[in-house]
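Asks: Below are the structure tokens for one structure; questions will follow.
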Amino acid sequence: MSRAPRAQELGIIGCHVCGLVCRTPAGDGAGCPRCGAALHRRKRNSIARTWALLLAAFILYIPANVLPIMRTVSLGDVDDNTIISGVVELWIKGSPSLAAIVFAASIVVPMTKFLVLGTLLLSTQRGSRWALRQRASLYRAVEFIGYWSMLDVFVVALLTALVRFGFLSQVEPLPGVVFFGLTVVLTMFASMSFDPRLMWDISDDD
Amino acid sequence: MTEQTPREDLPEPVVRKHRFSLSLIWLVPVLAALVGLSLVVHAWLQAGPQITITFQTAEGLESGKTPVKYKNVVIGKVTGLDLTDDRERVRVTVALNKSAESFATRGTRYWVVRPRIGLGGVSGVDTLLSGAFIGTDVGDSKEEQYDFKGLEMPPAVLHGAPGKSFVLHTDDLGSLDIGSPVYYRRIQVGRVVSYSLDKDGKGVSLRIFVDGPNDRFVTRDTRFWNASGVDVSLSANGLKLNTQSLATVIAGGVAFSDPRGPHDNTPAAEDADFALFDDEATALSPPDGPPRYIRMRFNQSLRGLAVDAPVEFLGVNIGRVVSINLDYEARDKRFPLTVGAVIYPRRLGQAYEKLAAKAGMKDGRVDLGRMFGPLVARGLRAQARTGNLLTGQLYIALDFVPKAPKAHFDEAATPVDLPTAPGSFDKLQEQLADIVNKVQKIPFDSIGRNLDQTLAELDRTLKQVNSGVLPELKGTLKDAQRTLGSADNALSADSPLQQNLGGTLEELRRMARSLRALTDYLGVHPEALIRGRPDDPPPAPPERTRPRAPQGSKP
Chain L
96 MSRAPRAQEL GIIGCHVCGL VCRTPAGDGA GCPRCGAALH RRKRNSIART
146 WALLLAAFIL YIPANVLPIM RTVSLGDVDD NTIISGVVEL WIKGSPSLAA
196 IVFAASIVVP MTKFLVLGTL LLSTQRGSRW ALRQRASLYR AVEFIGYWSM
246 LDVFVVALLT ALVRFGFLSQ VEPLPGVVFF GLTVVLTMFA SMSFDPRLMW
296 DISDDD
Chain A
10 MTEQTPREDL PEPVVRKHRF SLSLIWLVPV LAALVGLSLV VHAWLQAGPQ
60 ITITFQTAEG LESGKTPVKY KNVVIGKVTG LDLTDDRERV RVTVALNKSA
110 ESFATRGTRY WVVRPRIGLG GVSGVDTLLS GAFIGTDVGD SKEEQYDFKG
160 LEMPPAVLHG APGKSFVLHT DDLGSLDIGS PVYYRRIQVG RVVSYSLDKD
210 GKGVSLRIFV DGPNDRFVTR DTRFWNASGV DVSLSANGLK LNTQSLATVI
260 AGGVAFSDPR GPHDNTPAAE DADFALFDDE ATALSPPDGP PRYIRMRFNQ
310 SLRGLAVDAP VEFLGVNIGR VVSINLDYEA RDKRFPLTVG AVIYPRRLGQ
360 AYEKLAAKAG MKDGRVDLGR MFGPLVARGL RAQARTGNLL TGQLYIALDF
410 VPKAPKAHFD EAATPVDLPT APGSFDKLQE QLADIVNKVQ KIPFDSIGRN
460 LDQTLAELDR TLKQVNSGVL PELKGTLKDA QRTLGSADNA LSADSPLQQN
510 LGGTLEELRR MARSLRALTD YLGVHPEALI RGRPDDPPPA PPERTRPRAP
560 QGSKP
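Residue numbers (our numbering), protein chains in the order written: chain L, 96 to 301; chain A, 10 to 564.
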């Protein structure tokens with residue numbers, strides 16, 4: 096079966112940053128002659144890094160959900176809300192659409208990322224050829240939706256800045272939001288550090 | 010195209026050395042795990058004991074939100090609310106902080122602080138907005154306890170508060186309640202902590218707490234009285250209104266003070282017993298000592314004598330009436346009234362000391378019979394007297410009645426049965442009867458008859474005057490009036506007399522003028538007397554002065 100030649104076979108390597116194509120270096124630690132960025136055939140140690148970041152994100156996701164993320168004080172009535180209790184409260188207080196958005200951004204998106212990245216990592220590690228195209232599009236989707244999960248953090252930050260009426264009404268961020276932010280950042284890093292070309296490496300190995 | 014050699018014209022990469030180990034990336038999850046672990050450990054360390062408190066209602070309590078506070082410091086949080094198995098009460102689960110472990114001990118009290126509006130004022134206003142919280146008061150005990158019964162009212166005294174508590178005994182609670190204020194010189198220095206019925210049901214014991222340092226003003230001789238209500242007294246000094254504070258009028262209160270004069274100034278011990286008097290005057294009067302019961306039999310109506318009417322000995326109030334019972338004596342067919350009274354012999358003061366010393370003791374008490382015996386012999390009698398002429402209220406007076414008929418007195422009888430004498434009111438009635446008798450002796454009939462005759466005479470005389478004298482008088486007056494009218498007519502300006510007079514005078518004047526003309530003429534022409542008067546020359550023709558016709562009239 097004829098297939099497109101690989102860069103390695105051609106003895107060339109592309110720079111990740113400026114896109115300059117140059118010869119494959121003799122040893123490790125080569126740098127791009129144009130922009131100075133490190134040259135790698137593939138993202139270095141991609142699987143392990145992605146695993147590590149994903150794991151860290153997952154661990155931090157637990158306190159992000161358990162700890163309250165926001166404290167609203169209105170007329171002396173202090174209310175601490177975790178992500179889930181905030182969603183529930185929104186739903187009960189008659190904003191189901193808002194509740195759905197927050198739920199999607201704070202629960203569905205991060206969980207999807209964990210699942211998708213985990214699946215991608217596992218299948219890639221095992222050299223599976225299963226549904227390669229779908230996996231590729233999954234990866235693109237994950238990269239795309241990554242930013243949107245910061246919604247909660249933005250909401251808290253905005254409310255904290257806007258709602259400052261002393262005793263009448265006040266919003267304070269609580270530690271949960273830090274963990275949530277870290278989770279989102281780490282999942283973004285994880286999806287960045289994953290090299291989708293690794294999936295195709297396997298498929299071409301026959 | 011698989012085995013192509015690299016193109017020669019492509020640039021050569023710069024070879025650099027590796028800088029860090031690849032496995033460093035695993036520090037990130039390790040760090041995250043550490044953070045997570047530290048959170049778990051922190052939560053583990055922070056978690057204190059979990060206790061349950063039962064309340065009658067969970068009003069204002071919210072699971073996961075309501076804090077538990079001690080001295081306004083949050084020491085825990087309500088984590089669960091449910092009903093007890095018998096559905097009688099509400100079980101509140103509270104997670105205490107680690108630092109509040111000592112609150113899960115015996116003697117700790119929990120209550121819900123809600124806004125309360127009572128007669129004594131408003132409390133817990135801050136909870137109106139922030140919601141209720143559970144207040145705590147810790148005890149001394151170290152013994153662990155995890156199930157508590159919450160108080161429905163905040164405790165009046167917190168543990169360890171400086172001050173002392175005392176026990177007051179009274180007949181009834183009145184308007185006092187837990188939290189009712191205790192006043193000393195009208196400053197609130199304490200409050201009623203609790204009350205309970207005595208075991209025999211014959212009184213009420215109140216526990217009050219007097220805050221330090223004012224508790225030192227409670228001495229062994231201190232008198233307590235119920236300061237509830239309004240004390241209005243009308244005396245020679247005018248109307249006097251006496252209350253402790255407006256709040257006591259509504260909510261009740263206790264006041265205390267030292268008796269006037271020399272007294273024991275030693276501060277009272279904790280939990281000392283005192284009597285709670287009904288009012289200030291009773292409280293501050295000398296101590297009564299134990300009451301004694303006496304009995305009196307009256308052979309008269311005692312309308313106006315009521316239970317609680319005073320019993321006075323020579324004007325000194327020594328007790329009060331406690332019962333009035335009607336009796337029947339078949340022999341005399343009479344209805345004597347038996348009046349029972351309690352007296353406080355100690356109120357007699359020095360007299361009592363001396364009399365008691367003479368009378369000696371009986372049954373561990375002063376022998377009242379022997380004490381009264383000599384006095385009765387000297388004429389001591391009980392009398393029902395009128396205390397108030399307006400209302401006709403009676404009181405019992407023990408007084409020495411002069412020339413009292415000898416009465417039988419049994420010194421050994423219990424209770425002492427004092428002989429009675431008709432009261433002053435009866436005497437008054439007798440005197441009234443005397444007066445009535447005397448009035449009756451007055452011969453109103455003959456007086457009336459005589460008066461009637463006299464009046465008839467007078468009537469006759471008056472009739473005479475009317476029929477005889479008065480018409481005459483009337484004619485005389487009429488004549489006089491006529492005379493006066495004539496005079497008046499004669500003298501009036503338009504009367505004929507006046508006019509005639511005027512005419513006459515005018516004639517006289519004309520005559521005088523003629524005379525003057527005559528004399529004048531004769532003076533000039535005396536010959537006229539002889540010749541007479543010549544004829545008058547003919548009148549001169551008029552001058553040619555034809556009056557001109559007015560101008561403009563000519564055509």
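Ideal Cβ positions, reconstructed from N, Cα and C, are used throughout, including at glycine.
(1) On the criterion of 16 or more Cβ atoms from any shown chain inside 10 Å, does V251 of chain L qualify as buried, or is it exposed?
(2) Going by alpha carbons, who is nearest to A292 of chain A out of A:L311, A:A315, A:G270, A:S266?
(3) Hey, A143 of chain L and I34 of chain A are a contact pair by Cβ (cut 8 Å); roughly how many whole angstroms apart?
(4) I want to verify the contact list: residues of chain L whose CB lies under 8 Å from the CB of G45 of chain A, in sequence order.
(5) Within 7 Å (strictly less), CB to CB, does P171 of chain A reach chain L?
(6) Does DSSP put D2 of chain A in a helix, a strand or coil?
(7) Do A366 of chain A and V375 of chain A have their C-beta atoms within less than 7 Å of each other?
(8) Would you say V23 of chain A faces chain L, with C-beta separation under 7 Å as the test?
(9) Can you give me the Cβ contacts of G396 of chain A inside the same chain, cut-off strictly under 8 Å, excluding the 5 residues immediately before and after it?
(10) Nearest CA to the CA of T219 of chain L: which residue from L:L293, L:V112, L:I179?
(11) Output, in sequence order along the chain, the residues in the segment 106–127 of chain L whose CB is closer than 8 Å to any CB in chain A.
(12) On the premise that L364 of chain A lies in contact with F307 of chain A, defined as a C-beta separation below 8 Å, what is that separation, rounded to the nearest angstrom?
(13) Does the Cβ of N235 of chain A have 16 or more other Cβ atoms within 10 Å, making it buried, or fewer, making it exposed?
(14) By the 10 Å Cβ neighbour count, where 16 or more other Cβ atoms means buried, how is G181 of chain L classified, buried or exposed?
(15) Assign G349 of chain A to one of three DSSP states: helix, strand, or coil.
(16) Can you check whether the C-beta of V101 of chain A is within less than 7 Å of a C-beta belonging to chain L?
(17) 7 Å is my cut-off, CB to CB: does R51 of chain L come that close to chain A?
(18) For a test of the three-state rule: what should DSSP assign to W35 of chain A, helix, strand or coil?
(19) Using a Cβ-Cβ cut-off of 7 Å, state whether A41 of chain A counts as contacting chain L.
(20) Identify the residues that DSSP records as bridge partners of F265 of chain A: which are they?
(21) To the nearest angstrom, report how far apart V99 of chain A and L90 of chain A are at their CA atoms.
(22) For C110 of chain L and R136 of chain L, what's the separation of their Cα atoms in angstroms?
(23) From P268 of chain A to E289 of chain A, what does the alpha carbon distance come to, in whole angstroms?
(24) How many angstroms separate the CA atom of D301 of chain L from the CA atom of V237 of chain L?
(25) Does the beta carbon of D196 of chain A sit closer than 7 Å to a beta carbon anywhere in chain L?
(26) From which residue to which residue does the alpha helix (DSSP H) around T63 of chain A run?
(27) Tell me whether T11 of chain A is buried or exposed, calling it buried when 16 or more other Cβ atoms sit within 10 Å of its Cβ.
(28) Please state the DSSP three-state secondary structure of N160 of chain L.
(29) On a Cα-Cα basis, can you pick out the residue from A:G212, A:R195, A:D207 that is closest to N223 of chain A?
(30) Is it the case that the segment 36–56 of chain A contacts the segment 163–171 of chain L, given that we only count it when at least three CB pairs across the two stretches are under 8 Å?
(31) Is it the case that the Cβ atoms of I303 of chain A and P164 of chain A are separated by a distance below 7 Å?
(32) Give me the Cα-Cα distance between G349 of chain A and I333 of chain A, rounded to the nearest whole angstrom.
(33) Name the two residues that bound the continuous alpha helix (DSSP H) containing I178 of chain L.
(34) Check the DSSP bridge columns for N106 of chain A and list the partner residues they point to.
(35) Return the residues of the segment 144–163 of chain A that lie within a Cβ-Cβ distance of less than 7 Å from chain L, sorted by chain order.
(36) Between D149 of chain A and G172 of chain A, which are expected to be in contact by the criterion C-beta below 8 Å, what is the C-beta distance as a whole number of angstroms?
Replies: Taking the definition as stated:
(1) Along the first sequence, read from residue 1 onward, the residue named residue 251 of chain L stands at position 156. So V251 of chain L counts as buried.
(2) On the second sequence, residue 292 of chain A is found 283 positions in, with the first residue counted as 1. When only C-alpha atoms are compared, the closest one is A:S266.
(3) Start at 1 with the first residue of the first sequence, and residue 143 of chain L comes out as number 48. Start at 1 with the first residue of the second sequence, and residue 34 of chain A comes out as number 25. About 6 Å; that satisfies the 8 Å criterion.
(4) As a first step, residue 45 of chain A is located in the second sequence; it is residue number 36 there, counting from the start. Residues of chain L passing the Cβ test: I154, L155, I157, P158.
(5) As a position in the second sequence, residue 171 of chain A is number 162, starting the count at 1. No, no contact with chain L.
(6) It is not possible to answer for residue 2 of chain A, since the shown part of chain A is limited to 10 through 564.
(7) Here residue 366 of chain A corresponds to residue number 357 of the second sequence, with the count starting at 1. Here residue 375 of chain A corresponds to residue number 366 of the second sequence, with the count starting at 1. Not a contact, by the Cβ cut-off of 7 Å.
(8) Reading the second sequence from its first residue, position 14 is the one you call residue 23 of chain A. Yes, V23 of chain A lies at the interface with chain L (some Cβ there is under 7 Å from its Cβ).
(9) If you number the second sequence from 1, residue 396 of chain A lands on position 387. If the five residues before and after G396 of chain A are omitted, its C-beta is found closer than 8 Å to the C-beta atoms of A318, P319, Q402, L403, Y404, all from its own chain and listed in chain order.
(10) By one-based count along the first sequence, residue 219 of chain L stands at place 124. It is L:L293.
(11) Contact residues of the segment 106–127 of chain L toward chain A are G106, I107, I108, L115, V116, C117, R118, T119, P120, A121, G122, D123, G124, A125, G126, C127 (C-beta to C-beta distance below 8 Å).
(12) Reading the second sequence from its first residue, position 298 is the one you call residue 307 of chain A. Reading the second sequence from its first residue, position 355 is the one you call residue 364 of chain A. Wrong, their Cβ atoms sit about 25 Å apart, outside the cutoff.
(13) Taking the first residue of the second sequence as position 1, residue 235 of chain A is located at position 226. Of the other Cβ atoms in all chains shown, 16 or more fall within 10 Å of the Cβ of N235 of chain A; this residue is therefore buried.
(14) Taking the first residue of the first sequence as position 1, residue 181 of chain L is located at position 86. Buried, because 16 or more other Cβ atoms sit within 10 Å of the Cβ of G181 of chain L.
(15) Within the second sequence, numbered from 1, the residue matching residue 349 of chain A stands at position 340. Correct three-state label for G349 of chain A: strand.
(16) Locating residue 101 of chain A in the second sequence gives position 92, where the first residue counts as 1. So, not an interface residue.
(17) Since the displayed chain L opens at 96 and closes at 301, residue 51 of chain L lies outside it and no answer follows.
(18) Here residue 35 of chain A is taken as the residue at index 26 of the second sequence, counted from 1. In the structure shown, W35 of chain A sits in a helix (DSSP, three-state: H, G or I).
(19) Against the second sequence, residue 41 of chain A aligns to sequence position 32. Taking Cβ atoms only, chain L reaches closer than 7 Å to A41 of chain A, which makes this a yes.
(20) Here the question's residue 265 of chain A lines up with position 256 in the second sequence. Answer is A:Y193, A:F233, bridged to F265 of chain A.
(21) In the second sequence, counting from the first residue as 1, residue 99 of chain A sits at position 90. In the second sequence, counting from the first residue as 1, residue 90 of chain A sits at position 81. So the two alpha carbons sit approximately 7 Å from each other.
(22) Start at 1 with the first residue of the first sequence, and residue 110 of chain L comes out as number 15. Start at 1 with the first residue of the first sequence, and residue 136 of chain L comes out as number 41. Rounded to whole angstroms, C110 of chain L to R136 of chain L spans 9 Å at the Cα level.
(23) Taking the first residue of the second sequence as position 1, residue 268 of chain A is located at position 259. Taking the first residue of the second sequence as position 1, residue 289 of chain A is located at position 280. Roughly 10 Å between the two C-alpha positions.
(24) The residue you call residue 301 of chain L lines up with position 206 of the first sequence. The residue you call residue 237 of chain L lines up with position 142 of the first sequence. Bear in mind that a pLDDT of 47 at D301 of chain L, under 50, signals an unreliable position, so the model cannot answer this.
(25) Working through the second sequence from its first residue, we reach residue 196 of chain A at position 187. The question names Asp, but residue 196 of chain A in the sequence shown is Ile. For I196 of chain A, no Cβ of chain L is located within less than 7 Å of the residue's own Cβ.
(26) As a first step, residue 63 of chain A is located in the second sequence; it is residue number 54 there, counting from the start. Where T63 of chain A is concerned, there is no enclosing alpha helix (DSSP H), although the beta strand (DSSP E) it sits in stretches over 56–64.
(27) For the purposes of this step, residue 11 of chain A is identified with residue 2 of the second sequence, where counting begins at 1. Low confidence applies here, because T11 of chain A scores a pLDDT of 46, under 50, leaving its location unreliable; read the following figure in that light. It counts as exposed.
(28) Your numbering for residue 160 of chain L matches position 65 in the first sequence. DSSP places N160 of chain L in helix when its eight states are reduced to three.
(29) Working through the second sequence from its first residue, we reach residue 223 of chain A at position 214. In this structure, A:R195 is the residue among A:G212, A:R195, A:D207 with its C-alpha nearest to the C-alpha of N223 of chain A.
(30) no
(31) The count along the second sequence starts at 1 and reaches residue 303 of chain A at position 294. The count along the second sequence starts at 1 and reaches residue 164 of chain A at position 155. For I303 of chain A and P164 of chain A, no; Cβs fall outside 7 Å.
(32) Position 340 of the second sequence, counting from 1, holds the residue named residue 349 of chain A. Position 324 of the second sequence, counting from 1, holds the residue named residue 333 of chain A. Straight-line Cα distance between these residues: approximately 6 Å.
(33) Mapped onto the first sequence, residue 178 of chain L falls at position 83. Taken as a continuous stretch (DSSP letters only), the alpha helix (DSSP H) holding I178 of chain L covers 178–187.
(34) Counted from its first residue, the second sequence places residue 106 of chain A at position 97. A:A56.
(35) So nothing in the stretch comes that close.
(36) Here residue 149 of chain A refers to the residue found at position 140 of the second sequence. Here residue 172 of chain A refers to the residue found at position 163 of the second sequence. With a Cβ gap of about 16 Å, D149 of chain A and G172 of chain A do not count as contacting.
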